[in-house]
Amino acid sequence: DEKFKVIVLRPPMIYGKGSKGNYPILAKMARKLPVFPEVINERSMLHIDNLCEFLCQIMLIKLFTLEAVVLIPQNPAWTKTSDMVKKIAEVSGKRIITTKLFTPAIKLCGKIPGKISDLVNKAFGNSTYALAMSQYEGIDYQVVDFEASIERTESNEKKKDEKPKALIVASVASMIDQFNMQNIELLLEKGYDVDVACNCKEGNTISDERIKALIEKLKLKNVKVYHIPIPRKISNIKGIKTSITEIRKMCKKNGYTLMHCHSPIGSVVARIAACNARKKGMKVIYTAHGFHFYKGAPKKNWLVFYPIEKMCSKLTDVLITINQEDYIFAKKHMKAKKIEYIPGVGIDIKKFNNGEFDRAAKRKELGLDADDIMLLSVGELNQNKNHEVIIKAIGALENQNIHYFIAGKGDKEEFLKKLAEQKNVKLHLLGYRTDISELYNSADIFVFPSIREGLSVSLMEAMASGLPCIVSKIRGNVDLIEEGKSGYLCNPMNEEKFRKKINELANDKIKRKEFGKRNQSKAEKYKIEEVLNRTKLIYF
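Mapping of the sequence shown onto my numbering: position 402 corresponds to residue 578, and the numbering continues sequentially without gaps.
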């Protein structure tokens, strides 16, 4: 009847997310090819969002007043094929070079009858409607311009009812426990589904019971933990290959939009495994908790870890460094898209600045008299932590009022016990502890003689607790401690300087208090709120 309206829709090539036909072929070429022919051509095209808007307005506004029966919507400007390919490559995070070098060959192929000329003309030929034919009075359907249309088409946006997904990767579960819980909380707060991949069985610095408790804790937050046999040694090629394969499968299956990896070998495994997912838009972040190559590091470290890290930096969207030495080096030598500085993982200032704590009662529990001097170290009992230099320094002092407490576990326990016995040093090996903040607040001096660190959490905790600090003069520590103002910096192997500085602070209560106050004030820069604010800017 007279209310029944018939129109013919004759749009040009339609493109958008999930489109078929020529567009996906061009998009694949843009993501794969290093170069692409630059041919001057013009094509009418129409993004699916513009088509939908056009149809809505036609049907709701103009259907019964239209004189035309053939409608020809198109984008507001013609498109050049090479411009489209360049934009697709850019949005996909790739670099493609366009060149006129192939133009003569393309023109020649376009004149040869058959399938070849058909393909060439589809890609590089002219195919346009006059722009005036696509303008209709009272209808403005150009809701998305050319650049935005490509971004929408190539984006990895999920359906509205799907959450974005993130994967946290570390070599061992203890690194998740010690350095990543706040990152996981941050992602959960922003509506992410979070998975964790790490070695839950080998190489951990926490007990099996604590690992089980960690997994249960994450399970209650709906965070899945995947055991991946990431090795601790770079020479374990078989373990590395297995881990790469398993994480690659996880990325393909779960469609993560963000990966944050930690630890040297864990990050290498993760970034290699993520290559394909990254091409599809996944953002890869790596936090370097201290490069294995550093000033004074063994040549072996430079020969092995530096070239690997430099190669993997090309597979990294954001490289986060936690101390100034690494940051300056990375800015100069690494190839990540962005290089950021975040001062560690952050500390809970209130937890360690405990004014209501009963210090006398805790010291009595630890077996200390009022006149005793408590030196404290927190960290693994291993070669790198270098605890023996403190034992030797205390032994040389021959002061029986000095007690040395170490909170931590490790393979050097028996060695340290025997050394302390030989040097007549009162050594207290506390093992793994849950009362670390109380230990800090009970101590008189914090000693930290490590050979290598990134940015030590335990040192920042000691500062927040108001302790004077005698530490090794190494990367990270020099960011935190001011020589002669908040503590002392010693060569890690200089037993004599450690002895002198321990003796000095042990006999000067006023200086201990002054150094402690300065450290407490400086620790404000490293509080967890500051770190999380910086992390948010990188994540979101």
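Cβ atoms here follow ideal geometry from the backbone N, Cα and C, with glycine treated the same way.
- Ranked by how close their Cα comes to the Cα of residue 446, the residues 409, 475 and 488 have 488 in first place.
- Residues of the same chain with a CB within less than 7 Å of the CB of residue 255, apart from the 5 flanking positions on each side, are 219, 221 and 322 in chain order.
- Contact holds between the region 572 to 590 and the region 541 to 554, because three or more Cβ pairs, one in each stretch, are under 8 Å apart.
- Residue 535 is classed as exposed because its beta carbon has fewer than 16 other beta carbons within 10 Å across all chains shown.
- Given a length threshold of 3 residues, each whole run of the beta strand (DSSP E) inside the region 426 to 474 is given here in chain order: 434 to 438 and 459 to 464.
- Under the DSSP assignment, residue 211 falls outside any alpha helix (DSSP H), being part of the beta strand (DSSP E) whose first and last residues are 211 to 213.
- The Cβ-Cβ distance between residue 330 and residue 245 does not fall below 9 Å.
- Annotated three-state conformation of residue 481 is helix, per DSSP.
- In the displayed model, residue 509 falls within a helix according to three-state DSSP.
- For residue 624, the secondary structure class from DSSP, reduced to helix, strand or coil, is strand.
- In the DSSP assignment, residue 648 forms a beta bridge with 666.
- Around the beta-carbon of residue 284, fewer than 16 other beta-carbon atoms lie within 10 Å, marking it exposed.
- Rounded to whole angstroms, the gap between the alpha carbons of residue 451 and residue 698 is 40 Å.
- In the DSSP secondary-structure assignment, residue 247 is bridged to 185.
- In the displayed model, residue 657 falls within coil according to three-state DSSP, outside both helix and strand.
- Going by C-alpha positions, residue 684 is about 11 Å away from residue 691.
- With a contact defined as Cβ atoms closer than 8 Å, residue 707 and residue 522 qualify at about 3 Å.
- Restricting attention to beta strand (DSSP E) runs no shorter than 3 residues, the region 333 to 378 encloses them at 341 to 348 and 369 to 375, ordered along the chain.
- The beta-carbon distance between residue 460 and residue 492, rounded to whole angstroms, is 6 Å. This is short enough to meet the 8 Å contact definition.
- Around the beta carbon of residue 217, a 10 Å sphere encloses 16 or more other beta carbons of the protein chains shown; the residue is thus reported as buried.
- In this structure, residue 434 lies away from residue 362, with their beta-carbon atoms at least 9 Å apart.
- Boundaries around residue 517 are those of the beta strand (DSSP E), 514 to 517, since no alpha helix (DSSP H) includes it.
- With 16 or more neighbouring CB atoms inside 10 Å of its own CB, residue 651 falls in the buried class.
- Measuring C-alpha to C-alpha distances from residue 207 to each of 227, 261 and 253 identifies 261 as the nearest.
- Its Cα nearest to that of residue 295, the residue 202 stands out among 202, 319 and 374.
- Residue 339 counts as exposed, since fewer than 16 other C-beta atoms from the protein chains shown sit within 10 angstroms of its C-beta.
- According to DSSP, residue 554 shares a beta bridge with 583.
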